[in-house]
Amino acid sequence: MQLLTVGLNHSTAPLAVRERVAFLADDVGATIRRLRERLNEPAGGGVSEAAIVSTCNRTELYCAAEEPDLAQRALHEFVASEKRLDLDELHRHSYVLPHVDAVRHAFRVASGLDSMVLGEPQILGQMKEAEKLARSAGGLGLMLNHLFQRTFAVAKEVRTTTEIGTQSVSMAAAAVRVARKIFGELSGSHV
150 MQLLTVGLNH STAPLAVRER VAFLADDVGA TIRRLRERLN EPAGGGVSEA
200 AIVSTCNRTE LYCAAEEPDL AQRALHEFVA SEKRLDLDEL HRHSYVLPHV
250 DAVRHAFRVA SGLDSMVLGE PQILGQMKEA EKLARSAGGL GLMLNHLFQR
300 TFAVAKEVRT TTEIGTQSVS MAAAAVRVAR KIFGELSGSH V
């Protein structure tokens, strides 16, 4: 059994593609169940565990699979089918991260190191929500449970032992900061 991440984010895909690939929180549980039903067989790479992290800036599928090469192909086909996307377009904008690279990536994402705004704290909460949804849908087994618990511990350690979070802001807060630099005081402004 090996860990595998297939995804796309703000660095690999334009907003229009990210919007089309995003999964609504209300749909994630059913999607995980369908994914495991279809891919937990030899032709699907033997995907037995699955979690989906889907935000405005990324959609990532974290999986445990018997045959990672078959699984990554099956995961692409699954997402393309679910989202009615051209498979070639999905391949152009996505990445595949095997085992250790998937772990390293999860650590970077949860710590805010892979965010559009460096150090933004919201992603950790979003990953915790993804873990909770996957657990409720029966998508977590030993491997993904361990990945998420270590990921949350690493993110906490990064935040407490470095200054990554001292200047972090959300995208909205960054936009307000830029607007203040351009327009000055905004308290009397109306949108």
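Every number in my numbering is 149 more than the matching position in the sequence shown, counting from 1.
We put the CB at the ideal spot given by N, CA and C, even for glycine.
For the alpha helix (DSSP H) that R233 lies in, which residues bound it at each end? No alpha helix (DSSP H) holds R233; DSSP gives it neither H nor E.
Who are the near neighbours of A286 in its chain, counting only those whose CB is closer than 6 Å to its CB and skipping five residues on each side?
G178, I181, R182
* Asked: What do you reckon, are the CB atoms on V196 and N189 nearer than 7 Å?
  -> yes
Handout entry: Inter-residue Cα distance where the pair is A214 and E312
Key = 36 Å
Closest Cβ-Cβ distance between C205 and chain B: below 7 Å? Note that chain B does not occur in the displayed structure, where there is just one protein chain.
A259: beta carbon under 6 Å from a heavy atom of the ligand COA? As far as ligands go, the structure on display features none, and thus does not contain the ligand COA.
Exercise. Assuming L239 and V228 make a contact with CB atoms under 8 Å, what is their CB distance in whole Å?
Worked result: 6 Å
message = Could you give the first and the last residue of the continuous beta strand (DSSP E) run that contains G156?
response = 151–158
task: Using only alpha-carbon positions, find the residue among L173, L236, L153 that is nearest to L219.
output: L153
| query | So S260 and V303 are in contact, right, with Cβ under 8 Å, and what is the actual spacing, rounded? | reply | 7 Å
Counting only runs of 3+ residues fully inside the stretch 183–258, write out the beta strand (DSSP E) ranges in chain order.
-> Restricted to the stretch 183–258, the beta strand (DSSP E) segments that are unbroken, complete and at least 3 residues in length are 196–203, 207–214, 244–247, listed in chain order.
Going by DSSP in three states, V177 sits in which element: helix, strand or coil? helix
What whole-angstrom Cβ distance do S264 and V155 have, given they're in contact under 8 Å?
Not really, about 19 Å apart at Cβ, beyond 8 Å.
- Burial state of P163, where buried means 16 or more other Cβ atoms lie within 10 Å: exposed
- Cβ separation of Q151 and H254, assumed to be a contact under 8 Å, to the nearest whole Å: In fact, because the Cβ distance is near 14 Å, the residues do not count as touching under 8 Å.
Margin query: Taking the alpha carbon of D176 as the reference point, which residue from G268, K232, V258, L262 has its own alpha carbon closest?
Written below: K232
Measuring only the C-alpha atoms, how far is A171 from K277?
17 Å
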